[in-house]
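Worksheet: one structure, shown below.
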């Protein structure tokens, strides 16, 4: 599997709105914990160490 870097969401505005709604009303610490849990859930779903490594490298490079 290769890391997909092109736009790949059918309804990106809806997905972004759902992410914002999940954070609404949370403290900064709760938001950070939510993000950490979400990242781990999605990493588990992807499951491919090479794809995850590529994603981590891309995230470190992107400001």
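In the working numbering, the protein residues as written are 26 to 88. Glycine included, C-beta positions come from ideal geometry on N, C-alpha and C.
Own chain residues within Cβ distance below 7 Å of residue i, not counting five before or after
i          : result
residue 84 : none
Residue i to residue j span [Cα, whole Å]
i           : j          : result
residue 45  : residue 66 : 18 Å
residue 54  : residue 41 : 20 Å
residue 106 : residue 71 : As shown, the chain starts at 26 and ends at 88. That puts residue 106 outside it, with no answer to give.
residue 29  : residue 82 : 13 Å
DSSP three-state assignment for residue i, whether helix, strand or coil
i          : result
residue 32 : coil
Anticipated Cβ contact below 8 Å, residue i with residue j, distance rounded
i           : j          : result
residue 105 : residue 68 : Residue numbering for the chain in the displayed model covers 26 to 88; residue 105 lies beyond these limits and cannot be assessed.
Sequence-distant residues of its chain with Cβ nearer than 6 Å to residue i (five each side left out)
i          : result
residue 56 : 48
Limits of the unbroken alpha helix (DSSP H) element including residue i
i          : result
residue 26 : Counting along the chain, residue 26 falls outside any alpha helix (DSSP H), and DSSP gives it neither H nor E.
residue 78 : 74-86
residue 62 : 53-71
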